[in-house]
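Here's the structure, in structure tokens; my notes come after.
Protein chains: 4
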Amino acid sequence: MSQDKIAELRKEIDSINLQILDLLNKRATIAKEIGVHQSALGTTFYDPQREAYMLTQLEMHNNGPFSNETVKALFKEIFRATLALEEKEARAKLLVQRKTAQDRTIVELPDGTKIGDGSFQLVAGSCAVETYEQMDVVGEALASRGVKIMRGMAYKPRTSPYDFQGLGEEGLKIARQVANKYNMLVTSEIMDMSQIGMMSDYVDIFWVGARNMQNSFLLRALGKVRQPVFLKRGLSATLEEWVYAAEYIASSGNPNVILIERGIRTFEKWTRNTLDISAVPLIKLETHLPIIVDVSHSAGRRDLAIPLAKVAKASGADGLMVEVHPNPPVAMSDAKQQLTIPEFHKLMDELGL
Amino acid sequence: MSQDKIAELRKEIDSINLQILDLLNKRATIAKEIGVHQSALGTTFYDPQREAYMLTQLEMHNNGPFSNETVKALFKEIFRATLALEEKEARAKLLVQRKTAQDRTIVELPDGTKIGDGSFQLVAGSCAVETYEQMDVVGEALASRGVKIMRGMAYKPRTSPYDFQGLGEEGLKIARQVANKYNMLVTSEIMDMSQIGMMSDYVDIFWVGARNMQNSFLLRALGKVRQPVFLKRGLSATLEEWVYAAEYIASSGNPNVILIERGIRTFEKWTRNTLDISAVPLIKLETHLPIIVDVSHSAGRRDLAIPLAKVAKASGADGLMVEVHPNPPVAMSDAKQQLTIPEFHKLMDELGL
Amino acid sequence: MSQDKIAELRKEIDSINLQILDLLNKRATIAKEIGVHQSALGTTFYDPQREAYMLTQLEMHNNGPFSNETVKALFKEIFRATLALEEKEARAKLLVQRKTAQDRTIVELPDGTKIGDGSFQLVAGSCAVETYEQMDVVGEALASRGVKIMRGMAYKPRTSPYDFQGLGEEGLKIARQVANKYNMLVTSEIMDMSQIGMMSDYVDIFWVGARNMQNSFLLRALGKVRQPVFLKRGLSATLEEWVYAAEYIASSGNPNVILIERGIRTFEKWTRNTLDISAVPLIKLETHLPIIVDVSHSAGRRDLAIPLAKVAKASGADGLMVEVHPNPPVAMSDAKQQLTIPEFHKLMDELGL
Amino acid sequence: MSQDKIAELRKEIDSINLQILDLLNKRATIAKEIGVHQSALGTTFYDPQREAYMLTQLEMHNNGPFSNETVKALFKEIFRATLALEEKEARAKLLVQRKTAQDRTIVELPDGTKIGDGSFQLVAGSCAVETYEQMDVVGEALASRGVKIMRGMAYKPRTSPYDFQGLGEEGLKIARQVANKYNMLVTSEIMDMSQIGMMSDYVDIFWVGARNMQNSFLLRALGKVRQPVFLKRGLSATLEEWVYAAEYIASSGNPNVILIERGIRTFEKWTRNTLDISAVPLIKLETHLPIIVDVSHSAGRRDLAIPLAKVAKASGADGLMVEVHPNPPVAMSDAKQQLTIPEFHKLMDELGL
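Protein chains in written order, with my numbering: chain A, 1 to 353; chain B, 1001 to 1353; chain C, 2001 to 2353; chain D, 3001 to 3353.
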């Protein structure tokens, strides 16, 4: 008995479902038309007062059994879906979002090196520029293994104002000189938009550090430079926030953004940060941007560099960032995580590069 | 022009909104009727295969502009709201959930002491029972300030199997003896349901530690005892998970659950855990259960006990848990967070108790 | 037998302890003398190569039973303690660190209002400046309750480049105008050091947001302005990092730094962030800076503002930041956390202000 | 001048270093002798009162320049190093700790399958046993790809007491029946030590879930069974806590512990948990236990299973746990993360298995 009755009632529900479906689509069609008129007027699609009005109307006419709260919650979902449709029409979602399975950004560097084309690129070098000799020794080792992009850090973001803050422009000069000697490219962290003009003379790729991931003034300014930009994930940024940070650069005019996963802050104490390797496939699914993995900052431990480099390669990342120093124990920063030159060669051997 | 057109189109949308509203409520009424028949048949309301069928039907009939994905997402919300309605009818939500602003649990202890009636109760004593002398010295101090509930920990959950694990039943005997001497009640942590029978002879309030917050076998077994239960929040449990853990006890028959906030795990290093004080007003908003704050484990630092105790009082908590030891530096566990007896008196003075 | 032997051996150890103590202090005295010479030469105290040399010497001479690793670990502790001693001599630790129990910074504002003198100051107003009318309505309510400091946010740091970014200088003008009308002070977030000159015309207190807490260029530049600076804790900054960020400002010349706790990022989902209330007593213990609590961003929920405000007051904080809007549901940002004007009055009533 | 003076003073320091070294080793030798006597007496090495006495002595004799606090901190390090030495002598550290680079546990299962020998083993099957048909379909697919270990979950730890809790013993019977049909082994989660006897009839490998990682009663009881034990990492357990949990089992007599990394709780929202892939190389460095990676719970998303499986393989893990269901959308739990059978075949293809 109950079984039959249930079957009968379910048919009624099926019919109502289709009626709701038609009304939803009819509603969406009208909303799109409103969107066209709003675009003509230059107003934004999202109008909280209009939403408040509609919700009040619905509350006034609601006789249950759904509570007013449930009705409002359901209609907010409908509003959101409609708004998404309008925005999609107008702007086709975020610039950095992936539209098709084939859609991907390939960044071409001045020497023809490409990032994002399926190759696996290394960005390597000491944590910071200290002396010409140090850079030269490292540069020679990197060049001998075909590394194309050298770290040339002259401004170090440090927790304490009393820690070594980098050599400044002097450091950039050294990095450029050594890079030229070995036919390499230089990347260096920019910390404030006032540095753009000066740094442009020395660097091939700008780099935004974790602490500046949401510095919107800097991001927008880098949207106007000709160089590509490495964008590190913030210390505890969600993937969504990171993608939006990339959108700040892209929407300001510079499409050549390369993301760098560098670990997130957790409660674990055996590593400096926790490498979030899932970020690589997720970024590949959601955006068309290249992504590389910084195995030095992620772990903060020299002894994890090789296994994490293998992991990064297997994850589908477009490359690796790794720190190399002639004598890590006396390095002026991050002594525990920089590889010696023999360790660097071992890493390259184990990766088959 | 556009302005007028927009106004006109909006009227159409207003009308469609009300049509959708009517259909949603009609649909919900039928679903409730189905629910009644299902209850008669003893089947559960949630039927994933039925949902899959409806979604397929909707996809087949969808002509846009909403994408199939959006349509399915919107209908899943509708299904969820309907299901919630059916379940609400059948069970009136969680037992521990607050139904009205006045709804609250007041736990009455054997000596008439009440928790949750607006009073501010202290649960105090050493981290663990070590000797009769230690317990006696602490018990006397507590009793002199009117504390009614004594910690009598005989089983310590320890990270390492080689750390002090508690005196076991011998410790319970000491705690009971001292509590009787000073007319106090004993609370002690239970670590496995096999201990219930034995411990029932000694303890007035069972206590589930953070590590066991989701031990459903233990929770259900404590749903069958006559004593009230302290339920500590898990090391990194969400508030929702904690409320559900309380529901395991309540739904097994024991309504006398008292929650203990004891800090959550974060990246901060100056404290052992991070006291989540927002938990107190949130638990009061969402449930009718009493909640007390453990200021010793939250911070893991003696020097924060007094300020955090004031904070707990201001937050609306029903009481405080605090550790007191005659000589903390030589305590067998948690030496850094236990108060000396003079510090305990200072705490009581500063709280005006 | 064994007991006697143990007692005898322990006496030997006691004697060795004192010999080690004397050598450690003798060593420290010499190291301090070296420090004086180094200061004369302008070199830094920390010399990793010297440390490497000493460790190698110790390894060469170590005959056990301590392993080389243990020996090196112990001596690194000795080096660290010695270095701390040298630095203390030279610089007396961080400027913002508390030296005595009485040591505290009291910030005096242009109208004589003080922060950090034991009073409880409110910083209130809408999340962002939207219109003159909105600011005027809120300003009048704030003034009627004696609030002295008004939020006048004209630059909003937003996750998405497509979200409302604030009215810019126009917003600052409105804020200034309304503040003048009601004899209030204006605080506004600065997002880039290039804004200092322009903003100085409008704001009484600069404010560094969570996303910029480690923007060292901005911090240093604010070390040179005459206005006090509110420094919000970073999204997942440790207390140590926050204190160092304050030191960047103080060491650049501006001692008037006021910290704002605004919640940290955790896994909990019922609140936007987790208010870390322990931060208040810890900052008071470790620094002499004032600290206030932002109850709006911490929870991201209007319904927690009053209980958290009480908690903040009990914690010993120097004040409160809270968002107030004439009509929160239509606010252009943070709709869920802004109080209505009646709710604001209720908050002031419940705090007894 | 200063240069010369510095060189001279440094020689003095070098000499003092060696004197301290000799005294430390002399002290350690005596302490070890005390340890031997204590072992004879059956007392523990750690004696807080003795330490308190020594610290007081040192304070009384300290004339600076080191502060009493620094002196006590340095000596606590010395005490800790000495204690470690004594414990090492007595117990040679943790049983699960790796002593040499070659040291590793290889677990041999009843059918000769080995975990930890360099092979890559799959543990696969549906999230929970639902029906014989479901298990049979999955079992056939698994067997066709050479999978040896089948998930046979009959007790599901669920957040809500009203969610599906598993079929209980009936589910175990089905799992055993299907496993026998396809010559496979069964692993199943145990939730309480009272289940050991009954479950022993059905399962080849016990499994401790994340919520029970620190259930010391259960861990100790599993130290006494003949079957190997899978030990999942707790929801927010540190690696150190996890290693100690394994030690609870090993020190109770069962050396066959296999760790399962299953993601940790962070603030990231696009994944259910954050896979901590660094755990694999770290566990290999610190312990001799095998470790496998659960790619289903780590991400909670079907679309990440293949990339994370590749990552797990590259990390050096000893195998993979993955969930497979004939029709995931209608699964009674974890619908979003279970693979369909074709997806499972794709995973095996892409891993080259």
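Each residue gets a CB set at the ideal place from its N, CA and C atoms; glycine is no exception. Small disclaimer: the values here were computed from a predicted structure and weren't measured.
Contact set between residue i and chain D, taken where Cβ atoms lie within less than 8 Å
i: C:Asn2017; result: Arg3027, Met3054, Gln3057, Leu3058 and Phe3075
i: B:Asn1215; result: Met3191, Asp3192, Arg3211, Asn3212 and Asn3215
Candidates the options, of which the one nearest residue i by Cα
i: D:Leu3218; options: D:Ser3252, D:Tyr3132 and D:Ala3335; result: D:Ser3252
i: B:Gly1125; options: B:Asp1117, B:Val1137 and B:Gly1118; result: B:Val1137
i: C:Ile2020; options: C:Tyr2132, C:Leu2289, C:Gln2057 and C:Ile2078; result: C:Ile2078
i: C:Thr2165; options: C:Gln2338, C:Glu2130, C:Asn2017 and C:Lys2346; result: Here residue 2165 of chain C turns out to be Gln, not Thr, going by the sequence shown. The shortest C-alpha separation from C:Gln2165 is found at C:Glu2130.
i: C:Trp2207; options: C:Gly2197, C:Ser2194, C:Gln2227 and C:Ile2016; result: C:Gln2227
i: C:Tyr2202; options: C:Ala2179, C:Gly2209 and C:Asn2212; result: C:Ala2179
i: C:Thr2105; options: C:Val2322, C:Ile2258, C:Gln2338 and C:Ala2081; result: C:Ile2258
i: C:Gly2234; options: C:His2297, C:Leu2074, C:Pro2281 and C:Gly2197; result: C:His2297
Residue i in three-state terms, based on DSSP
i: D:Ser3188; result: strand
i: A:Thr100; result: coil
i: B:Phe1217; result: helix
i: C:Leu2085; result: helix
i: C:Ala2246; result: helix
i: B:Ala1092; result: Residue placement at B:Ala1092 cannot be trusted, given a pLDDT of 48 that sits under 50; the coordinates are not used to answer.
i: D:Leu3304; result: helix
i: B:Leu1055; result: helix
i: D:Met3348; result: helix
i: A:Asp22; result: helix
Through-space distance from residue j to residue i, alpha-carbon basis
i: C:Thr2159; j: A:Glu247; result: 10 Å
i: A:Pro342; j: C:Gln2049; result: 20 Å
i: C:Leu2320; j: B:Ile1283; result: 23 Å
i: B:Leu1353; j: B:Ile1205; result: 23 Å
i: D:Val3096; j: A:Asp349; result: 31 Å
i: A:Val295; j: D:Ala3314; result: 14 Å
i: D:Pro3065; j: C:Leu2285; result: 24 Å
i: C:Ile2013; j: D:Ile3030; result: 7 Å
i: D:Ser3039; j: A:Arg262; result: 48 Å
i: A:Leu351; j: A:Phe120; result: 10 Å
i: B:Leu1185; j: B:Gly1139; result: 11 Å
i: C:Gly2035; j: C:Glu2086; result: 6 Å
Per-residue contacts from residue i into chain A (C-beta, under 7 Å)
i: C:Leu2235; result: Ser236
Residues that residue i contacts on chain B, provided the C-beta gap is smaller than 9 Å
i: A:Asp14; result: Tyr1053, Met1054 and Gln1057
i: D:Glu3247; result: Ser1160, Pro1161 and Tyr1162
Closer than 9 Å at the beta carbon, the chain D residues around residue i
i: C:Arg2262; result: Ordered by position in chain D, no residue passes the 9 Å Cβ test against C:Arg2262, which lies about 15 Å from the chain.
i: B:Ser1251; result: Pro3161 and Tyr3162
Contacts of residue i in chain C (Cβ-Cβ under 8 Å)
i: D:Arg3265; result: Phe2267
Proximity test, residue i beta-carbon vs the ligand NAP heavy atom, cut-off 8 Å
i: C:Leu2239; result: For the ligand NAP, the structure offers nothing, since it holds no ligand at all.
Contact list for residue i against chain D, beta-carbon separation under 7 Å
i: B:Glu1241; result: Thr3159
Quiz item: If we count Cβ pairs, one from each stretch, closer than 8 Å, do we get three or more for the segment 3267-3274 of chain D versus the segment 291-310 of chain A?
Solution: no
Quiz item: For the 8 Å Cβ check, are there 3 or more pairs between the segment 2206-2218 of chain C and the segment 2170-2178 of chain C?
Solution: no
Quiz prompt | the segment 177-189 of chain A touching the segment 2188-2196 of chain C, judged by at least three CB pairs closer than 8 Å | solution = no
Self-check item: the segment 2003-2012 of chain C contacting the segment 1329-1341 of chain B, beta-carbon criterion three pairs below 8 Å
Solution: no
Practice problem: Examine the Cβ distances between the segment 2051-2067 of chain C and the segment 2007-2019 of chain C and report whether three or more of them are shorter than 8 Å. | Solution: no
Quiz item: Would you call the segment 2222-2230 of chain C and the segment 2262-2270 of chain C touching, i.e. three or more CB-CB distances under 8 Å?
Solution: no
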